[in-house]
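Visitor:
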């Protein structure tokens, strides 16, 4: 599921990047040219080249939320969770400030992917729902929501099976302990009975010996 979510995320942000002409943070022509190279590098899996290109864009256009979002996805691919979180949340902050629905949609979608990859289901669903409100026709968003719910149901089922198994093992150990305790008690009772029988036999023998000795004297 994780790989599918990541792939969908990359395709979405690259296709949506700089798509909104009404964005108050309009990219310069230079940034557009650099972005073209960055997209080529990202598609070719040259993450370091893409990252360098995106940071170069931010030098002249620091408020482009889409760039921060793309950087966040690259960090996510590199397993740099904290850096990814910072970039994606900065992207969302800028998209909200500029009131750019297309940028907001992209960032919410990518945050859904981000939290979904970490199995933080409530957070992921929250951002996917926000993305869906901004773009109700998004098949990718609906698909990822379905995948997330299915995966979560499967994980919960596995957790339930594990708890049942652990409880059975615990109950089995308790039964063994109880059985061993009963066996030990039974053995102690047997030993006590043997001791009492032995003492009785000894008393009988002593009584008999005493009687025999008395008869001899008489």
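Residue numbers (the working numbering): -5 to 212.
The C-beta atom is built at its ideal place from N, Cα and C for all residues, glycine as well.
Keep in mind that this is a model prediction, so the values were computed, not measured.
Here's a check: name, in chain order, each residue in its chain whose Cβ is nearer than 6 Å to the Cβ of residue 89, leaving out the five neighbours to either side.
Guide: 59, 97, 98 and 101
Visitor: Considering just the uninterrupted stretch of the alpha helix (DSSP H) at residue 116, what are its terminal residues?
Guide: 115 to 128
Visitor: What does the alpha-carbon distance come out to for the pair residue 65 and residue 78?
Guide: 7 Å
Visitor: Once DSSP output is grouped into helix, strand and coil, what is the label at residue 135?
Guide: helix
Visitor: Suppose only complete runs of 4+ residues qualify. What are the alpha helix (DSSP H) ranges in the segment 44 to 102, listed by chain order?
Guide: List check, alpha helix (DSSP H) in window: 59 to 71 and 75 to 92.
Visitor: From this set, 72, 85 and 76, which residue's C-alpha is nearest residue 213's C-alpha?
Guide: Residue 213 lies beyond the range of the chain shown here (-5 to 212); nothing can be said about it.
Visitor: From residue 106 to residue 50, what distance separates their C-alpha atoms?
Guide: 27 Å
Visitor: Do residue 104 and residue 126 have their CB atoms nearer than 9 Å?
Guide: no
Visitor: Once the 5 residues before and after residue 137 are set aside, which same chain residues still bring their CB inside 6 Å of it?
Guide: none
Visitor: State the DSSP-derived secondary structure class of residue 112, mapped to helix, strand or coil.
Guide: Three-state result, residue 112: coil.
Visitor: Figure out for me which residue from 57, 72 and 54 has the closest Cα to the Cα of residue 45.
Guide: 72
Visitor: Can you give me the C-alpha to C-alpha distance between residue 47 and residue 146, rounded to a whole angstrom?
Guide: 37 Å
Visitor: With a CB to CB cut of under 6 Å and the five nearest residues on each side skipped, what residues in its chain are close to residue 80?
Guide: none
Visitor: Nearest CA to the CA of residue 118: which residue from 69, 135 and 74?
Guide: Ranking 69, 135 and 74 by Cα distance to residue 118 puts 135 first.
Visitor: By how many angstroms is the C-alpha of residue 43 removed from the C-alpha of residue 142?
Guide: 31 Å
Visitor: Take the Cβ of residue 185 as the centre, count every other Cβ of all protein chains shown within 10 Å, and call the residue buried at 16 or more, exposed below.
Guide: exposed
Visitor: Quick one: measure Cβ to Cβ for residue 121 and residue 109, integer angstroms, because I've assumed they're closer than 8 Å.
Guide: 7 Å
Visitor: Express the C-alpha separation of residue 114 and residue 70 in angstroms, rounding to a whole number.
Guide: 15 Å
Visitor: Starting from the C-beta of residue 62, find all residues in its chain whose C-beta is less than 7 Å away, skip the five residues before and the five after it, and write them out in chain order.
Guide: 81, 84, 85 and 88
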